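Worksheet for the structure shown next.
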Amino acid sequence: MQFVTLAPPTIDLDLRYATPDNLTGSPIYRRPLCLLHPAAAARLLEAVRLAAAQGLRLRVFDAYRPPAAQWKLWEALPDARFIADPRKGSSHGRGVAVDLTLAAADGTPLEMGTGFDDMSERAYHADTQVSVEAQRNRSLLLGIMAAAGWAHYAHEWWHYHLPDARSYPLVEDGALGPRMM
Ligand SMILES: [Zn+2]
31 MQFVTLAPPT IDLDLRYATP DNLTGSPIYR RPLCLLHPAA AARLLEAVRL
81 AAAQGLRLRV FDAYRPPAAQ WKLWEALPDA RFIADPRKGS SHGRGVAVDL
131 TLAAADGTPL EMGTGFDDMS ERAYHADTQV SVEAQRNRSL LLGIMAAAGW
181 AHYAHEWWHY HLPDARSYPL VEDGALGPRM M
């Protein structure tokens, strides 16, 4: 499968799992790229277009995530509300999920109430304890992503996947060719 790489200036990148700045405290994969299945890349480009029409940008935290990296996350936090059980496989391991936020035209991230990977009920889409501004920004992201054909996940405001994610195969990192470091 030939995955597609999306990069600046089309999107902004903040790939936390390629750095120690994630819930495990260390990098969980070495490929610092936003890689997606072509079907997902097309829908992300549609979301980019819709965001741009409102003067906004997309800032991506994670896209394709190798199944081996999913195990590292699960070992750090074995809670199925927040981490897909690696035995079942994550939509990220199929290249059809993206974790992201909205940013202003200058790249400043919008207020979303919690950081990426805040594994608490405050990260739920329907949480009303976060500020009204954050609730509005989450709704804005939800609207853009839904209009572009993405499904949301109730427990994480930053996560979106294709509605038929399970119909795509899990892809091992090695199947994508040489590491592009
Ligand atoms: Zn995700």
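Residues in the sequence shown are numbered from 31 upward in steps of one, following this note's numbering. Cβ atoms here follow ideal geometry from the backbone N, Cα and C, with glycine treated the same way. If you're wondering where the values come from, they're calculated on a predicted model, not measured in any experiment.
Rounded to whole angstroms, Arg61 and His185 show a C-alpha spacing of 26 Å. Taking a cut-off of 8 Å for Cβ pairs, the stretch 82 to 89 and the stretch 134 to 143 touch, as three or more such pairs fall below it. Counted as a single uninterrupted DSSP element, the beta strand (DSSP E) harbouring Arg87 occupies residues 86 to 92.
The stretch 47 to 61 makes no contact with the stretch 150 to 157, as fewer than three CB pairs between them are under 8 Å. Distance from the CA of Trp101 to the CA of Arg89, rounded to the nearest whole angstrom, comes to 25 Å. Per the DSSP secondary-structure output, Leu43 pairs in a beta bridge with Val90. Residue pairing for Thr35: DSSP places it in a beta bridge opposite Leu65. Secondary structure of His155 (DSSP, three-state): coil.
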